[in-house]
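Trainee:
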Amino acid sequence: MRNFSVSISKQSTQRNLNYFSLLRIKKISLRQIPNNFKLHIMKKVYLILTSFLLLILAFSIISFSSADADYEQARFINSTEAYRNYIDNNPNGVYVDEAKNRLARLQQTQAPEGMILVEGGTFKMGQPNPNVGGNKWSSDEQPVHEITLSSFYIDKYEVTNAQFCKFINAVGNKIEGDGKWLDIGDEDSKIVEEGGKFKPIPGFEDHPVLELNWYGAKAYAEWVGKRLPTEAEWEYAARGGNKSQGFKFAGSNIADDVAWYSDNSNNSTHPIGSKKPNELGIYDMSGNVWEWCSDWYQEDYYKSSAKKNPQGPESGKYRVLRGGAWVSIQQQIKTTSRDYGFRNDAFNLNGFRCVKDIK
Numbered sequence: 280m281r282n283f284s285v286s287i288s289k290q291s292t293q294r295n296l297n298y299f300s301l302l303r304i305k306k307i308s309l310r311q312i313p314n315n316f317k318l319h320i321m322k323k324v325y326l327i328l329t330s331f332l333l334l335i336l337a338f339s340i341i342s343f344s345s346a347d348a349d350y351e352q353a354r355f356i357n358s359t360e361a362y363r364n365y366i367d368n369n370p371n372g373v374y375v376d377e378a379k380n381r382l383a384r385l386q387q388t389q390a391p392e393g394m395i396l397v398e399g400g401t402f403k404m405g406q407p408n409p410n411v412g413g414n415k416w417s418s419d420e421q422p423v424h425e426i427t428l429s430s431f432y433i434d435k436y437e438v439t440n441a442q443f444c445k446f447i448n449a450v451g452n453k454i455e456g457d458g459k460w461l462d463i464g465d466e467d468s469k470i471v472e473e474g475g476k477f478k479p480i481p482g483f484e485d486h487p488v489l490e491l492n493w494y495g496a497k498a499y500a501e502w503v504g505k506r507l508p509t510e511a512e513w514e515y516a517a518r519g520g521n522k523s524q525g526f527k528f529a530g531s532n533i534a535d536d537v538a539w540y541s542d543n544s545n546n547s548t549h550p551i552g553s554k555k556p557n558e559l560g561i562y563d564m565s566g567n568v569w570e571w572c573s574d575w576y577q578e579d580y581y582k583s584s585a586k587k588n589p590q591g592p593e594s595g596k597y598r599v600l601r602g603g604a605w606v607s608i609q610q611q612i613k614t615t616s617r618d619y620g621f622r623n624d625a626f627n628l629n630g631f632r633c634v635k636d637i638k
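Going by the working numbering, the first residue of the sequence shown is number 280, and it counts up by one from there.
#1: DSSP on Y619, reduced to helix/strand/coil?
#2: Let's test the definition: count the other Cβ atoms within 10 Å of the Cβ of E425 and tell me whether it reaches 16, buried, or not, exposed.
#3: Assign A517 to buried or exposed, taking buried as 16 or more other Cβ atoms, counted over all protein chains shown, within 10 Å of its Cβ.
#4: Spell out the partners DSSP gives P487 in its beta bridges.
#5: Assign I341 to one of two classes, buried (16 or more other C-beta atoms within 10 Å of its C-beta) or exposed (fewer than that).
#6: Using 8 angstroms for Cβ pairs, my map puts G456 next to N492. What's the rounded Cβ distance?
#7: For K582 versus P422, is the C-beta spacing smaller than 8 angstroms?
#8: Pull the bridge partners of V599 from the DSSP assignment, please.
#9: Our contact map puts A500 next to W460 with C-beta atoms below 8 angstroms; I'd like the distance itself, whole angstroms only.
#10: Please name the residue or residues paired with R506 in a DSSP beta bridge.
#11: Using the C-alpha atoms, what's the distance from F483 back to F526?
#12: State buried or exposed for Q386, treating a residue as buried only when at least 16 other CB atoms are found within 10 Å of its CB.
#13: L489 and N629 - do their beta-carbons sit closer together than 8 angstroms?
#14: Name the two residues that bound the continuous alpha helix (DSSP H) containing V375.
#15: I need the DSSP call for E392, collapsed to helix, strand or coil.
#16: Contact defined as beta carbons within less than 8 angstroms: I believe P391 pairs with K635. What is the distance between those atoms, to the nearest angstrom?
#17: S616 and G603: beta carbons closer than 8 angstroms?
#18: Would you mind working out which of I551, C572, V568 sits nearest Y562, comparing C-alpha positions?
#19: In whole angstroms, give me the CA-to-CA distance for D434 and M394.
#20: Enumerate in chain order the residues of its own chain whose CB-to-CB distance from K555 is below 7 angstroms, with the five nearest sequence positions on each side excluded.
#21: When DSSP builds the beta bridges, which residues end up paired with Y432?
#22: Here's a check: name, in chain order, each residue in its chain whose Cβ is nearer than 8 angstroms to the Cβ of Q590, leaving out the five neighbours to either side.
#23: Contact defined as beta carbons within less than 8 angstroms: I believe P481 pairs with T548. What is the distance between those atoms, to the nearest angstrom?
#24: Please classify I327 as buried or exposed, where buried requires at least 16 neighbouring CB atoms within 10 angstroms.
#25: With burial defined as no fewer than 16 other Cβ atoms inside 10 Å of the residue's Cβ, what is the status of Q609: buried or exposed?
#26: Flag K586 as yes if its beta-carbon sits less than 8 angstroms from any beta-carbon of chain B, otherwise no.
#27: Quick one, which of P370, N368, A378 has its alpha-carbon nearest R354's?
#28: Within this structure, are the beta carbons of G566 and I612 separated by less than 8 angstroms?
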């Protein structure tokens with residue numbers, strides 16, 4: 280037994296010697312690694328850690344920037360739908376509380392009397408179908424292009440003879456351009472001057488005003504604290520805004536439902552709001568009278584239009600007219616149809632409505 284114990288002890292001692300020798304060899308080997316190699320390894324580790332941290336930082340920045348861009352888009356459009364989308368898509372976003380506050384204020388805001396809220400959004404402006412309305416489209420309705428608009432208010436009805444008389448009785452029928460705002464000398468005018476006062480011909484008080492030029496429409500809009508719509512705003516509202524059902528005309532695919540035009544007008548304007556409204560509750564955006572817009576007209580403007588709140592060309596010869604009139608054929612009363620006139624033109628087909636910015 281003693282001999283066996285001694286044998287085991289010798290074996291254990293030998294193993295321990297081998298173990299400590301190996302440790303000493305390993306220590307010597309580590310000491311012998313060149314310093315430049317150690318530095319190389321440290322640099323590699325540093326680069327890997329730095330790259331990892333940069334990836335995390337980049338992801339955070341991209342996520343924040345995306346949320347930031349989403350909120351800026353929501354603020355630009357300024358609609359309940361845009362704010363809801365931002366809140367739903369960014370539940371923990373930096374601007375969620377601010378978005379909720381803006382949404383609440385917008386929901387409590389009431390449109391001014393006689394106006395309709397048109398919530399902003401993105402839509403495709405122009406006419407893609409070459410045969411809408413049974414007639415070939417006009418080239419100036421092309422190409423279809425995507426537009427994003429901020430929210431605004433628009434008049435529910437076209438401006439009437441009675442409303443315009445109140446205006447010119449207050450400020451006068453001024454000369455601007457080559458003529459007066461309102462041409463009451465034309466046989467089709469439904470406004471007369473008696474005793475220094477302007478008044479509608481009896482029975483035409485609620486008909487849309489006509490025989491006025493672009494300057495007169497603009498002056499009235501400013502007088503009531505509003506402005507003329509841009510061409511893009513006009514088309515978006517006529518189409519039904521974010522409630523659009525894609526109708527050919529403003530509120531229907533059947534012209535007679537929503538418009539006074541050549542087939543049913545009996546060669547005259549008609550009282551505002553006597554046809555069905557469109558999806559937003561706006562009347563007479565197809566037919567009755569052409570409506571002045573603020574933009575200069577350019578036939579190929581759609582090829583270079585701004586993508587957000589376009590204001591039209593910087594200059595031009597004519598101003599845009601939209602919607603068609605009581606003598607128009609169906610081709611001309613589509614929501615996409617475009618026309619134009621000299622700013623001085625006071626024709627028996629031209630009227631207008633106003634819009635107002637949301638503060």
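Note that the Cβ used here is the ideal one computed from N, Cα and C, for glycine as well.
Mentor: According to the data block:
#1: strand
#2: exposed
#3: Answer is buried; the Cβ neighbour count reaches 16.
#4: T439
#5: Note that I341 scores 46 on pLDDT, short of 50, meaning its location in the model is unreliable; the coordinates nonetheless yield the value given after this. That one is exposed.
#6: The Cβ separation is near 7 angstroms, so the contact holds.
#7: Yes.
#8: Bridge partners of V599: Y619.
#9: So it is not a contact: roughly 12 angstroms between Cβ atoms.
#10: V634
#11: 30 angstroms
#12: exposed
#13: yes
#14: It spans 375–387 - the alpha helix (DSSP H) in which V375 sits, taken as one unbroken run.
#15: coil
#16: 6 angstroms
#17: Taking 8 angstroms as the Cβ cut-off, S616 and G603 qualify as a contacting pair.
#18: I551
#19: For D434 and M394, the distance between alpha carbons rounds to 4 angstroms.
#20: Non-local beta-carbon contacts of K555 in its own chain, meaning distances under 7 angstroms to residues more than five positions away in sequence, involve G530, S531, D536, V537 in chain order.
#21: L396, K635
#22: T509, S573, D574
#23: With 8 angstroms as the limit, P481 and T548 do not qualify as a contact, their Cβ atoms being about 15 angstroms apart.
#24: I327 should be labelled exposed.
#25: buried
#26: As a matter of chain content, chain B is missing from the structure shown, which is built from one protein chain.
#27: A378
#28: yes
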